[in-house]
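Let me begin by presenting the structure, written as structure tokens, before commenting on it.
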DNA sequence: TATTGTTATACTCTATAACTATA
DNA sequence: TATAGTTATAGAGTATAACAATA
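Okay, here's the thing in structure tokens:
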């Protein structure tokens with residue numbers, strides 16, 4: 482993934498003007514949990530994208546594939562609400578996943594408006610490879626924050642989520 | 482902020498096809514800390530943006546204003562590296578902040594290439610209002626996840642960050 | 001040669017609105 | 001009237017590349 486220096490090391494080498502060498506202060510940012518959350522979340526997405534690059538899968542696509550796999554036959558509306566993906570965005574994502582022959586849409590007998598979503602055989606196979614890469618990412622994530630902190634965060638956020 | 486239903490309630494009402502009413506499974510997503518992190522981070526940004534709407538300030542702008550306030554006179558390069566904002570993006574953000582008379586750029590005597598960044602008087606005044614709204618957001622955040630969890634997350638992530 | 005700041009392009013994600021076909 | 005899906009547009013954020021001025 483793209484190399485990211487820690488706040489401290491970045492600040493240390495951030496010279497180039499009159500105040501060169503003095504570490505930058507976070508200021509009030511230090512009181513905002515959202516700031517730290519955002520930084521970690523960016524790290525995660527960057528590592529995920531880099532790790533999954535061989536399969537050309539983005540985080541949002543990955544989550545859609547997993548939820549279809551776990552809930553075959555459900556509608557776009559159901560998947561979208563579950564993951565908080567706008568239906569407009571999901572429609573275009575599914576076109577792309579259909580183009581790659583990973584997802585199939587079948588018409589739903591009970592309601593002609595809705596499509597039932599399934600993984601194709603090819604999609605299942607691809608998801609196997611994708612899952613192995615995703616596990617590698619998760620391991621790297623745990624190593625990055627420390628296994629203990631990773632577990633603590635998981636417990637805190639999963640119980641909440 | 483924009484109303485977001487919980488995973489559970491969204492799943493409950495996600496009907497409309499043959500499997501209507503059955504809650505959707507997270508599948509392997511349940512094993513990814515990044516998924517829960519992302520969901521919480523989205524909540525935070527949406528609440529932040531909604532709370533700060535009266536001042537028309539986005540999270541990235543807010544972080545830049547705070548870091549300039551805490552480190553007056555530093556260069557764009559220093560601020561950008563500190564916050565991991567691309568210099569190209571920061572240049573355009575600063576144009577906008579300059580247009581609103583919140584930030585001033587002065588040339589740096591020691592290095593004619595770099596600009597020293599400062600808040601204007603108007604900028605300080607605006608930041609005062611912004612900070613009060615941001616505190617309201619942070620309180621809402623703590624209420625959302627629970628005060629105890631908010632503190633635990635802050636401790637975990639700040640120590641790490 | 002490398003760095004600071006700028007402009008430009010392209011892609012992703014988010015947020016809307018408008019449209020169709022069904023219900 | 002409301003819902004499922006589609007198409008289109010606009011605004012952010014991210015990632016590059018190329019450039020001028022300066023170091």
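Residue numbers (our numbering), protein chains in the order written: chain P, 482 to 642; chain V, 482 to 642. Ideal placement from N, C-alpha and C gives every residue a C-beta, glycine not left out. These figures come from a predicted structure and were not determined experimentally.
| Item | Value |
| --- | --- |
| With a 10 Å radius around its C-beta and 16 neighbouring C-beta atoms as the bar for buried, classify residue 523 of chain V as buried or exposed. | exposed |
| Are the beta-carbon atoms of residue 599 of chain V and residue 554 of chain V separated by less than 9 Å? | yes |
| Does the Cβ-Cβ distance between residue 538 of chain P and residue 566 of chain P come in under 9 Å? | no |
| Under 9 Å, do residue 529 of chain P and residue 618 of chain P count as touching if we go by C-beta distance? | yes |
| Report buried or exposed for residue 636 of chain P, applying the criterion of at least 16 other Cβ atoms within 10 angstroms of its Cβ. | exposed |
| If we define contact as Cβ-Cβ less than 9 Å, is residue 584 of chain P a contact residue for chain V? | no |
| If I measure Cβ to Cβ from residue 603 of chain P and keep anything under 7 Å in the same chain, skipping five residues before and after, which residues do I get? | 582, 583 |
| In chain P, which residues lie with their C-beta within 7 Å of the C-beta of residue 550 of chain V? | 508 |
| According to the neighbour-count rule (16 or more other Cβ atoms, all chains shown, within 10 Å of its Cβ), is residue 550 of chain P buried or exposed? | buried |
| Take residue 518 of chain V as the anchor and find which of P:526, P:606, P:536 has the nearest alpha-carbon. | P:526 |
| In the DSSP assignment, find the unbroken beta strand (DSSP E) run with residue 596 of chain V in it and report its ends. | 592-600 |
| To be precise: take each residue of the segment 514-532 of chain V, compare its Cβ to all Cβ atoms of chain P, and keep it if any distance is under 8 Å. Which residues remain? | 514, 515, 516, 517, 518, 519, 520, 521, 522, 523, 525, 526, 529 |
| Suppose contacts are defined by Cβ-Cβ distances below 9 Å. Is residue 615 of chain P in contact with residue 533 of chain P by that definition? | yes |
| By Cβ distance below 8 Å, which residues in the same chain neighbour residue 489 of chain P in space, the five residues on each side in sequence not counted? | In this prediction, residue 489 of chain P scores a pLDDT of 31, lower than 50, which makes its location untrustworthy; the coordinate-derived value is nonetheless stated afterwards. So the qualifying residues of the chain are 504. |
| Would residue 601 of chain V and residue 509 of chain P be called neighbours here (beta carbons separated by less than 9 Å)? | no |
| Please classify residue 559 of chain P as buried or exposed, where buried requires at least 16 other C-beta atoms within 10 Å of its C-beta. | buried |
| My guess is that residue 552 of chain V and residue 531 of chain P are in contact by the Cβ rule of under 8 Å, so how many angstroms apart are they, rounded? | So it is not a contact: roughly 31 Å between Cβ atoms. |
| Check the DSSP bridge columns for residue 589 of chain P and list the partner residues they point to. | P:592 |
| Measure the C-alpha to C-alpha separation of residue 578 of chain P and residue 514 of chain P and round it to an integer number of angstroms. | 35 Å |
| Kindly identify the DSSP beta-bridge partner or partners of residue 584 of chain P. | P:600 |
| Can you tell me where the alpha helix (DSSP H) holding residue 631 of chain P begins and where it ends? | 628-641 |
| What is the DSSP secondary structure of residue 506 of chain V, counted as helix, strand or coil? | coil |
| Is it buried or exposed for residue 556 of chain P, if we count other Cβ within 10 angstroms and need 16 for buried? | buried |
| For a cutoff of 9 Å on Cβ pairs, would you count residue 642 of chain V as touching chain P? | yes |
| Could you give the first and the last residue of the continuous alpha helix (DSSP H) run that contains residue 554 of chain V? | Careful: residue 554 of chain V lies outside any alpha helix (DSSP H) and carries neither H nor E. |
| Using a Cβ-Cβ distance cut-off of 9 Å, determine whether residue 633 of chain P contacts chain V. | yes |
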